[in-house]
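For the sequence shown, counting from 1, position 104 maps to 95 in my numbering; every step adds exactly one. For each residue, glycine too, the CB sits at the ideal point set by N, CA and C. Predicted model only: the values in this text are computed from it and were never measured. This report concerns only the one structure given below.
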Amino acid sequence: MKLNVNGSERDLEVDDHESLLTALRERLGLPGSKNACEQGECGSCSVLLDGRLVCACLVLAAQADGHEVVTVEGLAGDGRLHRVQEAFVSAGAVQCGFCTPGLVVAAADLLRHNAYPSDDEIREALSGNLCRCTGYAKIFDAVRMAAGA
-8 MKLNVNGSER DLEVDDHESL LTALRERLGL PGSKNACEQG ECGSCSVLLD
42 GRLVCACLVL AAQADGHEVV TVEGLAGDGR LHRVQEAFVS AGAVQCGFCT
92 PGLVVAAADL LRHNAYPSDD EIREALSGNL CRCTGYAKIF DAVRMAAGA
């Protein structure tokens, strides 16, 4: 199959039952998207598929054939972190870091559609991403910071 991942065309062979998450992590060496629940409940594997936020664990790799995928690694550009990535660092919005890549992708997607979201809009946009460590306060601070950047 052919896949555009983070702006680069990639050719790969996948098993017919293989998830996009497995293909990204194991076949393409992109470990940013995390494998946690494998049920689309936690958001740790969030990526953009043709500009739409999805859980990569729920998408068959073959379904992504010919499509564009952006992972947390692909948000950065020209040697600089994405403004959401910078804000997460500045706000200290990470503890164990396991959920961070999915939260960053979801927050970047939110800000792409809504430059100045309210707290309720942030809450709604990040509702598919679970964090067991932070209590979300610093995550919200980071999204607000990135919105103001």
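Check whether the Cβ atoms of residue 107 and residue 138 sit closer than 7 Å, and answer yes or no.
Against a cut-off of 7 Å, the Cβ pair of residue 138 and residue 107 comes out as a contact.
Taking buried to mean at least 16 other C-beta atoms within 10 Å of its own C-beta, is residue 105 buried or exposed?
Per the 10 Å Cβ criterion, exposed.
Ends of the alpha helix (DSSP H) at residue 66?
For residue 66, the uninterrupted alpha helix (DSSP H) run begins and ends at 63 to 66, by DSSP.
Helix, strand or coil at residue 114 [DSSP, three-state]
Note: residue 114 maps to helix in three-state DSSP.
Can you check DSSP and say which residues form a bridge with residue -7?
For residue -7, which the question treats as bridged, DSSP gives the partners 2.
Given a cut-off of 7 Å, decide if residue 3 and residue 48 are closer than it, judged by their beta-carbon atoms.
Going by C-beta atoms, residue 48 is not nearer than 7 Å to residue 3.
First and last residue of the uninterrupted beta strand (DSSP E) at residue 37
Residues 37 to 40.
Below 8 Å, how does it come out for the stretch 58 to 74 and the stretch 112 to 119: are there three or more Cβ pairs, yes or no?
Judged by Cβ distances under 8 Å, the stretch 58 to 74 makes no contact with the stretch 112 to 119, as fewer than three pairs qualify.
Which runs of the alpha helix (DSSP H) spanning at least 4 residues fall entirely within the stretch 18 to 105, listed in chain order?
Within the stretch 18 to 105, the complete alpha helix (DSSP H) segments at least 4 residues long are 63 to 66, 74 to 82 and 91 to 104, listed from N- to C-terminus.
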